[in-house]
Amino acid sequence: MEEPGLTLSLRKNAVIHEILQMGDPRLLRIAKPVTRFDTPELHQLITDMMETMHAANGAGLAAPQIGVDLRVVIFGFERNPRYPQAEAVPTTILINPTLFALESDMQEDWEGCLSVPGLRGIVPRFKKIRYSGFDPFGASIDRTVEGFHARVVQHECDHLEGMLYPMRIKDFSRFGFTRALFPDGALAEDA
Ligand code: NI
Numbered sequence: 153m154e155e156p157g158l159t160l161s162l163r164k165n166a167v168i169h170e171i172l173q174m175g176d177p178r179l180l181r182i183a184k185p186v187t188r189f190d191t192p193e194l195h196q197l198i199t200d201m202m203e204t205m206h207a208a209n210g211a212g213l214a215a216p217q218i219g220v221d222l223r224v225v226i227f228g229f230e231r232n233p234r235y236p237q238a239e240a241v242p243t244t245i246l247i248n249p250t251l252f253a254l255e256s257d258m259q260e261d262w263e264g265c266l267s268v269p270g271l272r273g274i275v276p277r278f279k280k281i282r283y284s285g286f287d288p289f290g291a292s293i294d295r296t297v298e299g300f301h302a303r304v305v306q307h308e309c310d311h312l313e314g315m316l317y318p319m320r321i322k323d324f325s326r327f328g329f330t331r332a333l334f335p336d337g338a339l340a341e342d343a
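Read in order, the letters of the sequence shown are residues 153 to 343 in the numbering used here.
Okay, here's the thing in structure tokens:
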């Protein structure tokens, strides 16, 4: 009888990486563009990022968070225990992204980050954006999105500019430890 998970494990050996934490200077770099697509190295990086994100229940992950200085982000989930209210976001691998705000309206909502474990803050983000970039094979991606999808893309792409969400907080009275902010345990702990 075939063991569940065997197919997955035969595909590629994924490595779960340590996620760098705020304070590590590698999170502050401006990441470099990917110049070669569809390479074994790029596919391996993405496999590792996916495993690392899933192991941490992340909604997204940027390559700099595992110390890789490249403009690669991944995001997406059906349901996420860290963001139980969020609508599903399609699983996406986005390379060399460009973002455009389509409306000047900003929307405030809670954010966390795997590099800032145990904390949450209210972060203003553009409500509606258009983003473009490439998939790992070099095919172009071009989407117009809003809501949590727009938020997660802005958060992940910020990582490529050395920007962490606390740097975007305007109201520090709504920044704190998840456990203290949500004592009923409505949100899954970050770490
Ligand atoms: Ni983050």
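Virtual Cβ for every residue (Gly too), placed ideally from N, Cα, C.
Residue j beta carbon less than 8 Å from that of residue i
i: T250; j: G210; result: no
i: R234; j: G270; result: no
i: V225; j: H301; result: no
i: A183; j: M201; result: no
i: V305; j: F227; result: yes
Euclidean distance between Cα positions of residue i and residue j
i: S267; j: R181; result: 14 Å
i: A291; j: T244; result: 13 Å
i: M319; j: Q196; result: 31 Å
i: V297; j: L254; result: 9 Å
i: L316; j: E308; result: 9 Å
Residues that DSSP places opposite residue i in a beta bridge
i: G212; result: F227
i: V297; result: I281
i: S292; result: F286
i: D261; result: V275
i: V241; result: F229
i: A253; result: I281
As assigned by DSSP and simplified to three states, the class of residue i
i: S122; result: There is simply no residue 122 to check, as the chain begins at 153 and stops at 343 in what is shown.
i: I171; result: coil
i: R234; result: coil
i: R272; result: strand
i: L339; result: coil
i: I182; result: coil
Sequence-distant residues of the same chain with beta carbon closer than 6 Å to residue i, five excluded per side
i: R303; result: R277
i: R326; result: I274
Own chain residues within Cβ distance below 7 Å of residue i, not counting five before or after
i: H169; result: D200, T204, I218
Cβ neighbours of residue i in the same chain (closer than 8 Å, five flanking residues each side left out)
i: P288; result: F189, D190, L194, H195, I198, I245, I247
i: I293; result: T244, L246, Y283, S284, G285, F286, D287
i: M258; result: P276, R277, F278, K279
Proximity test, residue i beta-carbon vs the ligand NAD heavy atom, cut-off 7 Å
i: C309; result: In the structure shown, the ligand NAD is absent; the only ligands present are the ligand NI.
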